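Below is one structure; the comments refer to it alone.
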Amino acid sequence: MTRSDRFLSLRLWLVVAAMCLLLPSCASLTRLNAVPVAAEEQATVFGLPGARYWADGDPAAFRQAMVDAFYREAALYRTAGHEGALPPAEYLAISGGGENGAFGAGLLVGWTAAKTRPTFKAVTGISTGALTAPFAFLGPDYDDELKEVYTTISAQDILQPRWYITALLQDALADSTPLRRTIGRYVDQAMLDAIAAEHAKGRVLLIGTTNLDARRPVIWNIGEIAASRDPEALELVHDILVASAAIPGAFPPVMIDVEVDGETYEEMHVDGGASAQVFVYPPGLDIRALSRERHVTRERRLYVIRNARLDPDWAQVERSTFSILERAVSSLIQTQGVGDLYRIYLAAERDGIDFNLAYIPDSFTTPLKEPFETQYMKELFQVGYDLAVDGYPWAEVPPGYTAPEVEPPLDSQQAVR
Numbered sequence: 310m311t312r313s314d315r316f317l318s319l320r321l322w323l324v325v326a327a328m329c330l331l332l333p334s335c336a337s338l339t340r341l342n343a344v345p346v347a348a349e350e351q352a353t354v355f356g357l358p359g360a361r362y363w364a365d366g367d368p369a370a371f372r373q374a375m376v377d378a379f380y381r382e383a384a385l386y387r388t389a390g391h392e393g394a395l396p397p398a399e400y401l402a403i404s405g406g407g408e409n410g411a412f413g414a415g416l417l418v419g420w421t422a423a424k425t426r427p428t429f430k431a432v433t434g435i436s437t438g439a440l441t442a443p444f445a446f447l448g449p450d451y452d453d454e455l456k457e458v459y460t461t462i463s464a465q466d467i468l469q470p471r472w473y474i475t476a477l478l479q480d481a482l483a484d485s486t487p488l489r490r491t492i493g494r495y496v497d498q499a500m501l502d503a504i505a506a507e508h509a510k511g512r513v514l515l516i517g518t519t520n521l522d523a524r525r526p527v528i529w530n531i532g533e534i535a536a537s538r539d540p541e542a543l544e545l546v547h548d549i550l551v552a553s554a555a556i557p558g559a560f561p562p563v564m565i566d567v568e569v570d571g572e573t574y575e576e577m578h579v580d581g582g583a584s585a586q587v588f589v590y591p592p593g594l595d596i597r598a599l600s601r602e603r604h605v606t607r608e609r610r611l612y613v614i615r616n617a618r619l620d621p622d623w624a625q626v627e628r629s630t631f632s633i634l635e636r637a638v639s640s641l642i643q644t645q646g647v648g649d650l651y652r653i654y655l656a657a658e659r660d661g662i663d664f665n666l667a668y669i670p671d672s673f674t675t676p677l678k679e680p681f682e683t684q685y686m687k688e689l690f691q692v693g694y695d696l697a698v699d700g701y702p703w704a705e706v707p708p709g710y711t712a713p714e715v716e717p718p719l720d721s722q723q724a725v726r
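First residue of the sequence shown? That's 310 in my numbering, and the numbers climb one at a time after it.
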């Protein structure tokens, strides 16, 4: 479809929308009540308090979950006959980016080929990063599946466009049933059991969504859900992964049942990218202070994969509503993503964590002809793979940031002056 065709389609869509606003039959879909504001902190899934946390709230519950994970890891380490400090903790955060997730997938597989890929203590993911995260968490044994996902699927494996009228009467422009089927093919009970086994070793897998009712970011502890052995755990994980990738308006939101004092409510969850493009842990959690409190000494390294280019990516914008909106939203997402990197970097600096960043190089200029174009993803996967095999040059600071120089201390005479 050309830009002219897309503009005409959008204009038709807007005309139909305007007509529909005047018709009482164009009512929204029904749903259960959302959780009242006063009860948000009490809402649970499966009656499992550790299933998820507010990313912007009191970090006490998240902090306790991380302490528990540390003790599971330490116990296993001692049982194996090791003494002294625990080995370095390696963290991985994978961002959103749609089909650009092929870059991160290629980088991970190439990292395995380079024989330098660590076993990550914790992996986090949002949107397309949420789809990558389970494979990255379980390690090289799942590289073949990860490569398959990002080099063989196409748009028909992700979405089914709806007719304009249907889209207006429903909750999105497309149906995400194909995405749910794709996720179900790979994230099965065997994978969930493997995640539970790694959770028992003190490792952590976290996925981000956005609670649209509360307009707040949510962090889901997938390992905790897997370890619950609840018969509905697999379906819940599928819901979380679909929700994390559900771009509002483009994909339907995912309605998740929760309970407060025996009463059932529905939460509306959408793309984690509506809150952040990438995350590691709530910024309210001070890991350095927590380590001192628990007398823990260990090295920590963070790797962030930003599935996007970070250069301005210049383009002449057509003077049309669709082109302007498309470019403005793209700019907003890119700017938010860079802001997330600064937030993560500053928290890492505070907590004494070594920061490392990877992103799509500006040398990659292959045009994307349609969403989730297979050939585009194959080429981008290969770019990430080749960079990793050659030893990826991880950036130590976010783009545009200059670390302050450390000045030598003043001697006593200078101090007097």
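Positions of the beta carbon are idealized from the N, C-alpha and C atoms, including for glycine.
Every value quoted in this text rests on a predicted model; they were computed, and no experiment measured them.
By the 16-neighbour rule on beta-carbons within 10 angstroms, L401 is buried.
Exclusion of the five residues before and after R361 leaves V354, V527, I528, W529 and N530 as the residues of its chain whose Cβ lies within less than 8 Å of its Cβ. The Cβ-Cβ distance between Q465 and P449 does not fall below 8 Å. Counted as a single uninterrupted DSSP element, the stretch harbouring H578 is not any alpha helix (DSSP H) but the beta strand (DSSP E) occupying residues E572 to D580. With respect to the C-alpha of T606, the residue from Y612, R597 and I614 having the closest C-alpha is R597. The straight-line gap separating the alpha-carbon atoms of N520 and V626 is approximately 33 Å. Between L440 and A554, the C-beta spacing is below 8 Å. Taken in chain order, the whole beta strand (DSSP E) runs of length 3 or more contained in the stretch 463-529 are 513-520. Residue state for I556 is assigned as coil, using DSSP reduced to three classes. Using a C-beta cut-off of 8 Å, the stretch 367-379 makes no contact with the stretch 553-572, since fewer than three inter-stretch Cβ pairs fall below that distance. When rounded, the separation of the alpha-carbon atoms in L650 and T675 is 25 Å. Counting the other Cβ atoms within 10 Å of the Cβ of R387 gives fewer than 16, which makes it exposed. Put simply, the backbone Cα of E399 is about 26 Å away from that of D580. Take the alpha-carbon of D595 and the one of H391: they are about 27 Å apart.
Bounds of the beta strand (DSSP E) holding A398 are A398 to I403. Minimum Cα-Cα distance from A431 among the listed residues D480, I662, L666 and V589 corresponds to V589. Going by DSSP, W420 is part of no beta strand (DSSP E) but of the alpha helix (DSSP H) stretching over G410 to A422. Apart from the 5 residues on each side of it in sequence, Y451 sits with its Cβ closer than 7 Å to the Cβ of F444 in its chain, given in chain order.
The beta-carbon distance between T428 and A442, rounded to whole angstroms, is 14 Å. This is too long to meet the 8 Å contact definition. Residue pairing by DSSP places A583 opposite no residue, since no beta bridge is assigned to it. Burial check for N616: the Cβ neighbour count within 10 Å reaches 16 or more, so the residue is buried. Relative to Y459, the option among I474, R610, A657 and V418 whose CA is nearest is V418.
Counting other Cβ atoms within 10 Å of its Cβ, P591 reaches 16 or more and is therefore classed as buried.
Relative to K456, the option among D620, A422, E382 and E541 whose CA is nearest is A422.
Shortest Cα-Cα distance from P562 to any of D484, F412, A657 and S600 involves D484. For D663, the enclosing beta strand (DSSP E) begins and ends at D663 to I669. Looking at Y612, G593 and R471, the one whose alpha-carbon comes closest to that of V587 is Y612. Taking E608 as reference, the option from R426, V496, I662 and L677 with the minimal CA-CA separation is I662.
Under the three-state reduction of DSSP, D548 is assigned to helix.
Excluding the 5 residues flanking it on each side, A656 has same chain C-beta neighbours closer than 6 Å at P592, in chain order. When the beta-carbon positions are compared, L338 and Y574 stay at least 8 Å from each other. In the DSSP annotation of this structure, the continuous segment of the alpha helix (DSSP H) that includes A657 starts and ends at T630 to D660. Runs of the beta strand (DSSP E) lying entirely within the stretch 355-400 and spanning at least 3 residues, in chain order: 361-363. Contact check between the stretch 494-501 and the stretch 529-549: three or more CB pairs, one atom from each, fall below 8 Å, which counts as touching. Annotation: G693 is outside any beta strand (DSSP E); the continuous alpha helix (DSSP H) that includes it extends over T683 to V698.
At a Cβ-Cβ threshold of 8 Å, V569 and E576 do not count as neighbours.
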